[in-house]
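A.B. asks: Before I ask anything, here is the structure I am working with.
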Amino acid sequence: MRILLFSGKGGVGKTSLAAATGVRLAQRGVKTLVMSVDPAHSLADSFDLGVDLFTSKTSDPYPVNDFLDIHEVNIQREIKRHWREVSGYLISVLRATGVSDVEAEELAILPGMEELSAMMYVNQYRREDRYEAVVLDCAPTAESLRFVSMPTTLDWYMKHIFPMQRTLIKAVRPIANRVSPVELPTDSYFANVLDLFQKLDGIDELLADPERTSVRLVTNAEKMVLRETQRAFVYFSLHGLNVDRILVNRVLPASVEDGFFNTWRRSQAEILREIDEYFAPVPVRRVPLFQQEVLGIELLELVADALYEINEDPASVGSRERPYTFEKIEGVYQVKLRLPFATKGEVGLFKKGNELVVQIGTLRRHIGLPTSMAGLTPARARLENKILTVEMKEVA
Ligand SMILES: Nc1ncnc2c1ncn2[C@@H]1O[C@H](COP(=O)(O)OP(=O)(O)OP(=O)(O)O)[C@@H](O)[C@H]1O
Ligand SMILES: [Mg+2]
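This is how it looks when you write it as structure tokens:
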């Protein structure tokens with residue numbers, strides 16, 4: 009089963025491109041699910057289905073055609089199904105602090121619950137072999153980053169904190185419940201957490217396997233959007249996910265000749281160049297701005313035509329190469345950069361804000377640094393087997 013994650017800044021076109029990809033996969037006879045992880049669901053709208061999947065009683069995946077299902081994760085239903093004890097406990101704690109029932113129920117929906125629920129489905133579908141491709145329409149970048157880092161966090165929690173807490177609670181519960189106004193979690197709470205954890209078992213390996221999971225970053229040819237895309241690229245890479253395509257949506261078509269758009273066209277051309285250079289060797293695809301909103305299967309097919317070449321399999325792995333990686337070796341932070349076309353020459357290194365800028369001859373690469381390295385400066389670099397290693401040091 010292939011997993012394709014569509015992520016990007018708010019409003020760039022994630023849902024449209026994810027839906028179009030689902031449509032194309034289904035046309036190719038691939039049994040596909042497009043699942044929305046964004047609480048502000050718009051998948052059904054994108055397909056122009058005229059049904060409200062959110063309130064519909066039909067259980068979960070909704071068939072669009074023989075090969076295509078769509079699913080909007082409904083958090084209320086998920087809480088009943090997976091998070092009952094966890095949210096029940098949270099509600100009781102919140103109530104004890106004087107929060108009203110309705111508010112407590114609202115607050116007990118923790119950020120990330122929807123995403124984790126979606127991952128449980130992905131895991132389940134994988135076990136059941138129900139779909140050949142799952143396309144995930146993610147919430148805007150920040151949330152989807154939390155989504156992919158969650159399994160690792162959970163894993164750590166489960167190994168280190170959970171057992172301790174559980175024994176501790178067992179020991180103190182008889183006394184604590186008499187003196188404290190807040191109930192301590194019951195055993196069923198721990199059982200529920202354990203059960204959730206088991207449902208997520210193996211998902212981190214699945215996400216980190218480039219043959220099975222790919223991230224498609226959706227962006228626009230605008231400076232502010234590009235910055236966020238670059239940050240997202242760094243973080244997905246840090247979490248071990250493979251970004252295998254960059255999709256630039258809403259590119260002004262050449263046929264737009266109105267003078268009003270001249271400046272737009274120039275700045276888009278410049279940003280498009282920057283995008284190609286920054287993400288190489290990851291392939292960059294462009295989707296034009298359409299004359300209207302992309303609604304319904306027919307328009308989604310046109311988007312897919314722009315996004316994929318004729319006979320191209322949208323599930324194929326677009327790139328397995330990381331343009332750069334971050335490592336800490338014997339206490340030294342290193343940025344490794346793949347420079348397949350680099351020739352010998354003077355290597356220029358400098359910092360620009362939170363970016364490391366590497367210049368070799370006429371080639372210039374901007375690399376957004378992770379927070380842990382943002383305060384460091386490049387100390388030295390060596391080029392070996394087309395890989396440039398830059399050592400990052402504390403400023404003296
Ligand atoms: N290439 C395009 N040409 C014209 N309209 C487009 C194009 N791509 C997307 N749209 C329209 O732009 C709007 C936003 O797109 P979409 O919902 O796919 O973005 P999103 O990134 O999923 O947004 P959100 O962050 O809110 O989930 C929709 O009305 C969609 O139909
Ligand atoms: Mg969306």
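In the working numbering, the protein residues as written are 9 to 404. Note that CB positions come from ideal geometry on N, CA and C, so glycine has one too.
Use the C-beta contact count for Thr175: other C-beta atoms within 10 angstroms, 16 or more gives buried, fewer gives exposed.
C.D. replies: Exposed, by the Cβ-count rule.
A.B. asks: Closer than 6 Å between the C-beta and any heavy atom of ligand 2: which residues qualify, listed along the chain?
C.D. replies: In chain order, the hits are Lys22, Thr23, Asp46, Ser50, Asp145.
A.B. asks: May I have the straight-line CA-CA distance separating Ala147 from Gly18, to the nearest angstrom?
C.D. replies: Those two C-alpha atoms are separated by around 8 Å.
A.B. asks: Assuming Ala288 contacts Leu249 under a Cβ cut-off of 8 Å, what Cβ separation, rounded to an integer in Å, is found between them?
C.D. replies: Not confirmed; about 19 Å, so no contact.
A.B. asks: Looking at the secondary structure, which residues open and close the alpha helix (DSSP H) in which Val142 lies?
C.D. replies: Unbroken run through Val142 is the beta strand (DSSP E), 141-145; no alpha helix (DSSP H).
A.B. asks: Sort Ala312, Arg330, Arg346, Val355 by Cα distance to Thr23 and report the nearest one.
C.D. replies: Checking every option, the nearest Cα to that of Thr23 belongs to Ala312.
A.B. asks: I believe Ile254 touches Val292 by the beta-carbon criterion, under 8 Å. Please report the beta-carbon distance rounded to the nearest angstrom.
C.D. replies: Confirmed, about 5 Å.
A.B. asks: Name the DSSP bridge partner or partners of Asn228?
C.D. replies: Paired residue(s): Asn257.
A.B. asks: Locate the beta strand (DSSP E) running through Gln367, then write down its first and last residues.
C.D. replies: Looking at the DSSP string, the run of the beta strand (DSSP E) that includes Gln367 is 363-368.
A.B. asks: If you draw a straight line from the C-alpha of Ala389 to the C-alpha of Glu399, how long is it?
C.D. replies: Ala389 and Glu399: Cα-Cα distance of roughly 6 Å.
A.B. asks: Roughly how many angstroms separate the alpha carbons of Val101 and Met158, rounded to a whole number?
C.D. replies: Their Cα atoms are separated by approximately 23 Å.
A.B. asks: Who pairs with Pro386 in a beta bridge, going by DSSP?
C.D. replies: For Pro386, which the question treats as bridged, DSSP gives the partners Met400.
A.B. asks: By the three-class DSSP mapping on this structure, what secondary structure does Thr149 have?
C.D. replies: Thr149: helix per DSSP, three-state reduction.
A.B. asks: So, under 8 Å CB-CB, Leu364 and Pro386 are touching, yes? Tell me the CB distance rounded to an integer number of Å.
C.D. replies: The pair is a contact, with the Cβ atoms about 6 Å apart (cut-off 8 Å).
A.B. asks: Run through the DSSP bridge pairs and tell me what Thr405 is partnered with.
C.D. replies: The structure shown does not extend to residue 405, since the chain spans only 9 to 404, so no value can be given for it.
A.B. asks: Relative to the C-alpha of Met43, which candidate in Gly21, Leu76, Asp56, Leu57 has its C-alpha closest?
C.D. replies: Of the listed residues, the one whose Cα sits closest to Met43 is Leu76.
A.B. asks: Given 7 Å as the limit, tell me if Gly304 has its C-beta closer than that to any heavy atom belonging to ligand 1.
C.D. replies: No; taking the cut-off as 7 Å, the Cβ of Gly304 has no heavy atom of ligand 1 nearer than that.
A.B. asks: Is it true that the CB of Leu225 sits closer than 8 Å to the CB of Val31?
C.D. replies: Not in contact: Val31 and Leu225 (Cβ atoms no closer than 8 Å).
A.B. asks: Take the Cβ of Asn200 as the centre, count every other Cβ of all protein chains shown within 10 Å, and call the residue buried at 16 or more, exposed below.
C.D. replies: Asn200 comes out buried.
A.B. asks: For Gly30, report the span of its alpha helix (DSSP H) as first-last.
C.D. replies: Element bounds for Gly30: 22-35.
A.B. asks: List the residues that DSSP assigns as beta-bridge partners of Arg174.
C.D. replies: None; Arg174 has no bridge partner.
A.B. asks: Taking Glu335 as the reference, which of Thr271, Leu396, Arg135 has the closest Cα?
C.D. replies: Residue Leu396 is the option with its Cα nearest to Glu335.
A.B. asks: Between Val45 and Asp145, which are expected to be in contact by the criterion C-beta below 8 Å, what is the C-beta distance as a whole number of angstroms?
C.D. replies: Yes, Val45 and Asp145 are in contact; Cβ-Cβ is about 7 Å, under 8 Å.
A.B. asks: Report yes if the C-beta of Asn257 is less than 7 Å from at least one heavy atom of ligand 1; otherwise report no.
C.D. replies: Because some heavy atom of ligand 1 lies under 7 Å away, the Cβ of Asn257 counts as near it: yes.
A.B. asks: Taking the DSSP output, what are the residues bridged to Gln299?
C.D. replies: None; Gln299 has no bridge partner.
A.B. asks: In terms of DSSP beta bridges, what is Lys359 paired with?
C.D. replies: Paired residues: Leu364.
A.B. asks: Quick check on the DSSP output: the beta strand (DSSP E) that includes Ile11 runs from which residue to which?
C.D. replies: Ile11 -> beta strand (DSSP E) spans 10-16.
A.B. asks: Alpha carbon to alpha carbon, what distance is there between Gly267 and Val142?
C.D. replies: Cα to Cα, Val142 sits roughly 42 Å from Gly267.
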